[in-house]
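Going down the list, the sequences are from chains V and G. Residues in the first sequence are numbered consecutively from 1, following the working numbering. Residues in the second sequence are numbered consecutively from 1001, following the working numbering. Here a beta-carbon is modelled for each residue, glycine too, at the ideal position from N, C-alpha and C. Here the structure is a predicted model, which is why all the values come from computation and not from measurement. This report concerns only the one structure given below.
There are 2 protein chains.
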Amino acid sequence: MGFTIQNALIPTDWGYDTVDVQIGGDRIIAIAPNLKPMGTIIDGRDKLLLPGFVNAHTHSSELWQRGIIPPRPLELWLADLYDFVPLDPEQIYLSAIGTAVETMLSGGTSVVDHLVLIPGREEETIAAAVRAYQDIGIRAFVAPLIQDESLMAGVPSGGKTMNPEPYLRSTAATLDLMRDTVRQFHRPDEGISVMVAPTGMQLCSDALFEGCVELSDRHHLCRHTHLLESRAQKLLAQEKYGCSAVEHLKRLGFLSPRTSLAHCVWLDDADISILVETCSTVVHNPLSNLRLGSGIAPILKYRQAGVNVTFGCDGSASNDSQDLLEAIKVGSILHNVTDMDYQHWITPREAIEMASLGGAKGLNLADHLGSLTIGKKADLVLYDLTSLSLLPRTDPIGLLVLGRPTQAVHSVWVDGKPIVSNGTMTTVDVDQLRQDLFDRSQWISHQSKTVQEIEAHYRSVMGLPQR
Amino acid sequence: MGFTIQNALIPTDWGYDTVDVQIGGDRIIAIAPNLKPMGTIIDGRDKLLLPGFVNAHTHSSELWQRGIIPPRPLELWLADLYDFVPLDPEQIYLSAIGTAVETMLSGGTSVVDHLVLIPGREEETIAAAVRAYQDIGIRAFVAPLIQDESLMAGVPSGGKTMNPEPYLRSTAATLDLMRDTVRQFHRPDEGISVMVAPTGMQLCSDALFEGCVELSDRHHLCRHTHLLESRAQKLLAQEKYGCSAVEHLKRLGFLSPRTSLAHCVWLDDADISILVETCSTVVHNPLSNLRLGSGIAPILKYRQAGVNVTFGCDGSASNDSQDLLEAIKVGSILHNVTDMDYQHWITPREAIEMASLGGAKGLNLADHLGSLTIGKKADLVLYDLTSLSLLPRTDPIGLLVLGRPTQAVHSVWVDGKPIVSNGTMTTVDVDQLRQDLFDRSQWISHQSKTVQEIEAHYRSVMGLPQR
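If you want it as structure tokens, here you go:
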């Protein structure tokens, strides 16, 4: 039957219009003032309707470790993370639900979960996350995080012989796992898409990248990877390939219009040209890049070169939240200090478009998602402009992006199905989720053994004084 | 009679303790496990008790302009701001209430309001803000924003003859206004302190600074000013004084242990030494500095040199929120990209101390505020650790600082008086506030006439290409 959102504000080229929006099935079927009411009526007065955003890079299970890892750079942070990684598929389910709830209550309707796999229980991990996303109803892109080299292979050697341990799973077994995953879980029409997602050049062989490209081509899967997040990775790429990581990924055929690249902090102008040429998408994770001291990604340069850029929260252990509006705000204003000319700065409207249409482009879905367009999917978010955090009334999108909206999301639909109504999740019992997260955790601090083992080498190769 | 908070978590040197905290009158009188219950009992289980933070630099009336000024640098942003400044004292009252509500719901118990005055209605402006802060019960430091030079005097001339218009009020009249303000409103024991607060070297004569120093010395008032917020101001100081602005302020006697300096983005090492020598406090406004493209203040250098640093939200038109936890998060992690050595990075615990004890120091009140210490004022905040945004349980302060807490403040007391209970403001009707802010505003965009007039000169003197 569908429904009609009446009298909502929507952005237009010249400002805002007050319109009715009709949804039939999973699609937007009409946008105009004073439409004949159809189906359920939603009161859109004093509310802003926008296309849903994409949380275009996260690792859901890091929710279990948020707030606890001390300030340290990526390579040491990773060592800490993996010393205390969750090992129970039921935890994976809960953290995927938690990640989806926070994403949706901050304007997201899609999530790219670069999912950390429990060793030996990989398929169960993926099944748990898929079940969570189906239960909650978010559009999910499940990207099992795969690698075939072990942690120390990801730290530059500085000329020292490192002999990292072999990784716990072979390249062939990993590609088999991915083939099974596609067969079992890739159901784009049901809101679950599988992506091929080698963790990054720092921990993956060429064979793994090539196997992923082949699988991606065969099943039209999107591709995803971390790219040059830290200065250490830039050093490592030179050690490993004798050229830039971007150039190497291009040679492997990994870059394409359906490839999204998380972080992209340490690219140079030649690398940027390759992104343009291959129509790859950059996923900007500003808070994580600050938290880990990775650097400030040259986002204004990407935009000026014509590279598609969208936003991610990154995992909750490196941010440590899943609030997309926070990522959009900081990911916009941060770059004002990188270019004196304010005519290059990202405006709130541009930021909104990056988060919605930019996200859709990165998933090769720009024809179906990311804007308020008749015929597109009804992945929609309605914001309550009478929230204290969005008052007094000025420019609704300015308030949403530059402010700090709280309790501002009134309704969310994915595929035309209601997920949030009147500020409340309809598909998940949030109080039960809080209880489950509380019961399975405790207030603790911890010491990572691996950090202690590798810290001296890290400081040496990065030119930092020894303690 | 007082009250007892039972079984609250508090931070200790070695982690956290669960204790009872007793408040008698306006003071903390006991902190220990299992105290004999006294007065009203507050259940502190699964809650974290911290000293209240100081929102150490804001301009409350900018609330009326939040979200609306496009991304542009300070000098042009100011032109836009002053074209649309609120002109009704009742607006001043409402925006002070709104500023205080957002500050308190994000952990603040004190606010420094660098208050923009309505021309010709200066005393009414100050009276309205004071009334608001008394009504809501926040500890307020009211710092009327005074100057004696007009807007264009604050933009470097680049050698061009500028002839800025004379300012609307003389230096003598401004100092008279301040004397009257002190007489009428300075009541520290009742929670309202007046500060002397020339807007900054860019818009103030030496005579105004000297008059403020004299007034400050006579009445033991704290001093406050903007300092080297933008690169343009650094250029201007050289044009105006032939030396750095910090050196000049030192010569004028403005710097002292009771002086706090907002922004401090463009200081060099010699300037930092002067801050150390004069025991001045830096108020870090990270979000505003990004939003206006002012730059990244060298906060880690300040801390290493021994300068006291605390946090401010800055006015809502340059942030555009009054969420102290957001300022603390971004103001901590931002600096991880400025120093490769993570041993210098600000930890969540250090950030909390900067926001509480650091704020108290900047107000010359470290003996009375800013820590959980027997005998200190009961300016306290109790956080609900069962908020979804603070789950699962890991390190409470890590979650609070590095996460994005929402609905996390359970209770707030100032001088032992309850202001927030169970997440709800007790002294202010927030729904009525929302209605008032709604009724007095409209969704609009606007064009600043002054920006159009001065933009070509600004671009020329800053070396930016003309459009």
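Determine the chain V residues that contact residue i at a beta-carbon separation under 9 Å, and present them in chain order.
{"i": "residue 1396 of chain G", "result": "67, 443"}
{"i": "residue 1063 of chain G", "result": "391, 392"}
How would you list, in chain order, the residues of chain G whose beta-carbon sits under 7 Å from the beta-carbon of residue i?
{"i": "residue 72 of chain V", "result": "1342"}
{"i": "residue 16 of chain V", "result": "1443"}
{"i": "residue 334 of chain V", "result": "1290"}
{"i": "residue 295 of chain V", "result": "1337"}
{"i": "residue 464 of chain V", "result": "1340, 1341"}
Can you pull the chain V neighbours of residue i, defined as C-beta to C-beta under 8 Å?
{"i": "residue 1053 of chain G", "result": "Neighbours of residue 1053 of chain G on chain V: none; closest Cβ ~15 Å, over 8 Å."}
For residue i, count the other beta carbons within 10 Å of its own beta carbon; 16 or more makes it buried, fewer makes it exposed. Which is it?
{"i": "residue 429 of chain V", "result": "exposed"}
{"i": "residue 1383 of chain G", "result": "buried"}
{"i": "residue 446 of chain V", "result": "exposed"}
{"i": "residue 1162 of chain G", "result": "exposed"}
{"i": "residue 1082 of chain G", "result": "exposed"}
{"i": "residue 1168 of chain G", "result": "exposed"}
{"i": "residue 1317 of chain G", "result": "buried"}
{"i": "residue 180 of chain V", "result": "exposed"}
{"i": "residue 456 of chain V", "result": "exposed"}
{"i": "residue 343 of chain V", "result": "exposed"}
{"i": "residue 379 of chain V", "result": "buried"}
Considering only C-alpha positions, which residue in the set the options is nearest to residue i?
{"i": "residue 272 of chain V", "options": "V:187, V:244, V:295, V:411", "result": "V:244"}
{"i": "residue 263 of chain V", "options": "V:279, V:239, V:293, V:247", "result": "V:293"}
{"i": "residue 348 of chain V", "options": "V:397, V:448, V:149", "result": "V:397"}
{"i": "residue 1436 of chain G", "options": "G:1098, G:1332, G:1131, G:1074", "result": "G:1098"}
{"i": "residue 1210 of chain G", "options": "G:1059, G:1148, G:1404", "result": "G:1148"}
{"i": "residue 320 of chain V", "options": "V:26, V:160, V:13, V:71", "result": "V:71"}
{"i": "residue 1360 of chain G", "options": "G:1066, G:1259, G:1025", "result": "G:1259"}
{"i": "residue 443 of chain V", "options": "G:1002, G:1040, G:1046", "result": "G:1046"}
{"i": "residue 1057 of chain G", "options": "G:1379, G:1303, G:1065, G:1226", "result": "G:1226"}
{"i": "residue 130 of chain V", "options": "V:280, V:385, V:186", "result": "V:186"}
{"i": "residue 91 of chain V", "options": "V:6, V:438, V:455", "result": "V:438"}
{"i": "residue 468 of chain V", "options": "V:189, V:309, V:220, V:363", "result": "Residue 468 of chain V lies beyond the stretch modelled for chain V, which goes from 1 to 467, so this question has no answer here."}
{"i": "residue 1285 of chain G", "options": "G:1067, G:1229, G:1454", "result": "G:1229"}
{"i": "residue 1061 of chain G", "options": "G:1013, G:1132, G:1021", "result": "G:1132"}
{"i": "residue 1174 of chain G", "options": "G:1215, G:1246, G:1022", "result": "G:1215"}
{"i": "residue 145 of chain V", "options": "V:42, V:391, V:315", "result": "V:315"}
Which chain V residues are close to residue i, counting only those with a beta carbon under 7 Å from its beta carbon?
{"i": "residue 1406 of chain G", "result": "406"}
Grab me the residues of residue i's own chain with a C-beta within less than 7 Å of its C-beta, minus the 5 sequence neighbours each way, in chain order.
{"i": "residue 19 of chain V", "result": "8, 10, 31, 32, 33"}
{"i": "residue 351 of chain V", "result": "328, 332, 401"}
{"i": "residue 1137 of chain G", "result": "1414, 1417, 1419, 1427"}
{"i": "residue 1374 of chain G", "result": "1028, 1029, 1030, 1031"}
{"i": "residue 552 of chain V", "result": "Because chain V spans 1 through 467 in this model, residue 552 of chain V falls outside it and cannot be assessed."}
Leaving out the 5 sequence neighbours to the left and right, which residues in its chain are closer than 6 Å to residue i when beta-carbon positions are compared?
{"i": "residue 1212 of chain G", "result": "1196, 1198"}
{"i": "residue 1080 of chain G", "result": "1069, 1448, 1451"}
{"i": "residue 346 of chain V", "result": "332"}
{"i": "residue 191 of chain V", "result": "139"}
{"i": "residue 1461 of chain G", "result": "1156, 1158"}
Apart from the five residues just before and just after residue i, which ones in its own chain have a Cβ nearer than 8 Å to its Cβ?
{"i": "residue 324 of chain V", "result": "53, 55, 103, 106, 107, 108, 311, 313, 355"}
{"i": "residue 433 of chain V", "result": "94, 97, 98, 101"}
{"i": "residue 1164 of chain G", "result": "1149, 1150, 1151, 1152, 1153"}
{"i": "residue 1278 of chain G", "result": "1250, 1255, 1256, 1257, 1259"}
Mind listing the chain G neighbours of residue i? Cutoff is C-beta to C-beta under 8 Å, in chain order.
{"i": "residue 330 of chain V", "result": "1290, 1330"}
(request) Closer than 9 Å, Cβ to Cβ, to anything on chain V: give me those residues from the stretch 1411-1426 of chain G, in chain order. (result) none
(message) Using a Cβ-Cβ cutoff of 7 Å, what residues of the stretch 1304-1326 of chain G are near chain V? List them in chain order.
(response) Cβ contacts with chain V come from 1320, 1321, 1323, 1326.
(request) Note down, in chain order, all residues in the stretch 1375-1403 of chain G with a beta-carbon under 9 Å from any beta-carbon belonging to chain V. (result) 1385, 1386, 1387, 1388, 1389, 1390, 1391, 1392, 1393, 1394, 1395, 1396, 1397, 1398, 1399, 1400, 1401, 1402, 1403
(message) Taking beta-carbon pairs under 8 Å, can you tell me which members of the stretch 1427-1461 of chain G lie near chain V?
(response) 1430, 1433, 1434, 1437, 1438, 1440, 1441, 1442, 1443, 1444, 1445
(request) Check distances from the C-beta atoms of the stretch 342-364 of chain V to those of chain G and list, in chain order, the residues that come in under 9 Å. (result) 342, 343, 345, 346, 347, 348
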